[in-house]
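Enquirer: According to the numbering used here, the sequence shown holds residues 307 to 528 in order.
Just so you know, even glycine gets a beta-carbon here, dropped at the ideal spot from N, CA and C.
Small disclaimer: the values here were computed from a predicted structure and weren't measured.
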Amino acid sequence: MNKGFIQLHRSLLEWEWYDDKNTKILFLHCLLKANYKDKNYRGKTIKRGSFLTGRDVLANELGLSIQQIRTSLTKLKSTNEITIKSSSQGTIIEVVKYNDYQEITNKATDEQPTNNQQVTTTNNSNNINNNKYTQETKEVLDHLNNKLGSKFRTAKGLKKRFSEGFTVEDAKKVIDIKFAEWIGDDKMKKYIRPDTLFSEKFDSYLNQEPQPQQDENPWGLL
Numbered sequence: 307m308n309k310g311f312i313q314l315h316r317s318l319l320e321w322e323w324y325d326d327k328n329t330k331i332l333f334l335h336c337l338l339k340a341n342y343k344d345k346n347y348r349g350k351t352i353k354r355g356s357f358l359t360g361r362d363v364l365a366n367e368l369g370l371s372i373q374q375i376r377t378s379l380t381k382l383k384s385t386n387e388i389t390i391k392s393s394s395q396g397t398i399i400e401v402v403k404y405n406d407y408q409e410i411t412n413k414a415t416d417e418q419p420t421n422n423q424q425v426t427t428t429n430n431s432n433n434i435n436n437n438k439y440t441q442e443t444k445e446v447l448d449h450l451n452n453k454l455g456s457k458f459r460t461a462k463g464l465k466k467r468f469s470e471g472f473t474v475e476d477a478k479k480v481i482d483i484k485f486a487e488w489i490g491d492d493k494m495k496k497y498i499r500p501d502t503l504f505s506e507k508f509d510s511y512l513n514q515e516p517q518p519q520q521d522e523n524p525w526g527l528l
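1) Y347 by DSSP, collapsed to three states: which one?
2) Apply the 10 Å Cβ neighbour rule to K343 and answer buried if 16 or more other Cβ atoms are within range, or exposed otherwise.
3) Inspect the CB distances between the region 488-497 and the region 460-470 and report whether three or more fall short of 8 Å.
4) Name the two residues that bound the continuous alpha helix (DSSP H) containing L338.
5) Cα-Cα, which of T351, I352, I372 is closest to G360?
6) Tell me, please, whether the region 318-330 touches the region 392-406 by the rule of three or more beta-carbon pairs shorter than 8 Å.
7) Whole angstroms is fine: what's the gap from E529's alpha carbon to I483's?
8) To which residues does DSSP link K392 through a beta bridge?
9) Does L358 come out as helix, strand or coil in the three-state DSSP assignment?
10) Can you tell me where the alpha helix (DSSP H) holding R459 begins and where it ends?
11) Between the Cα of K479 and the Cα atoms of N513, Y497, L338, which residue gives the shortest distance?
12) Among residues of its own chain, excluding the 5 on either side of K507, which ones have a beta-carbon nearer than 8 Å to its beta-carbon?
13) How is the alpha helix (DSSP H) around E487 delimited, first residue to last?
14) Do you know whose CA, among H449, S356, K457, lies nearest F485's CA?
15) Return the first residue and the last residue of the alpha helix (DSSP H) that L382 is part of.
16) Can you tell me whether H335 sits near the ligand FAD, meaning its C-beta is under 7 Å from at least one heavy atom of the ligand?
17) Do you know offhand how far S505's Cα is from M494's?
18) For my contact list, S384 and L332 are in at a C-beta cut-off of 8 Å; report their separation, rounded to the angstrom.
19) Taking the CB atoms as reference points, tell me whether K346 and F357 lie closer together than 8 Å.
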């Protein structure tokens, strides 16, 4: 029987494949199947974060077709979630950022502390940080939705910007700058959305000079 657990951050809700059911299920399956420590199989080492499988095996385990498995594996490879290597024993799939999901689990599983206070404290700290990011994201999205009349609920990239040291006020400033610049441009206003505003260009947007407000009544007419 498989033992132990993995940890999932709420930021997974903002993951680009989250609304792709097959790809999401396959990725979670990979997380659960991956070795939490190096293991040997018939003379070959299957490293931590990796596991031995095959497309037909995955299809059978998940109730998907082989073509659906192939398509989802390609998607996960394209965004560097996994790597895939062929071997004489089968296909080895590696979860690239496995330590992000298994770091705390390993300590609890391998050491089996009689006092779980340290693990509990770490989990509580993670929950506090996740709640903080959730509250900050909501505040930023509320600001964007109020300006745009939109109903955005997720903000891909925003948590990463926060982890880089940017603040809620920085995010609001970027919204204000790009809103003023793009709202009057039919070609550009469609880019006033989270995946554009909070992308890798965030810092350059933040340091951009704000557009002067246009006078809505330049002729002074009443």
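Expert: With the given structure in hand:
1) If DSSP states are grouped into helix, strand and coil, Y347 belongs with the strands.
2) Classified as exposed, K343 has fewer than 16 neighbouring CB atoms from the shown chains inside 10 Å of its CB.
3) Using a Cβ-Cβ distance cut-off of 8 Å, the region 488-497 and the region 460-470 are not in contact, since fewer than three pairs of beta carbons, one from each stretch, lie closer than that value.
4) Start and end: 327-339.
5) Ranking T351, I352, I372 by Cα distance to G360 puts I372 first.
6) Counting Cβ pairs under 8 Å, fewer than three are found: no touch.
7) This structure does not reach residue 529, given that the chain is present from 307 up to 528, and the question cannot be answered.
8) Here the sequence assigns Ser to residue 392, which means Lys is not the residue at that position. Answer is T397, bridged to S392.
9) The three-state secondary structure of L358, taken from DSSP, is strand.
10) Run containing R459: none; DSSP gives neither H nor E here.
11) That would be N513, whose Cα lies nearest to the Cα of K479.
12) Counting only Cβ-Cβ distances below 8 Å, and skipping sequence neighbours, we find nothing.
13) For E487, the enclosing alpha helix (DSSP H) begins and ends at 474-488.
14) For F485, the nearest C-alpha among the options comes from H449.
15) For L382, the uninterrupted alpha helix (DSSP H) segment begins and ends at 372-384.
16) Of the ligands one can find in the structure shown there are none, so the ligand FAD has no counterpart to examine.
17) Cα-Cα distance, rounded: 16 Å.
18) About 13 Å separates the two Cβ atoms, so there is no contact after all.
19) Per the sequence presented here, residue 346 reads as Asn, with Lys not at that position. Taking 8 Å as the cut-off, the beta carbon of N346 is found no closer than this to the beta carbon of F357.
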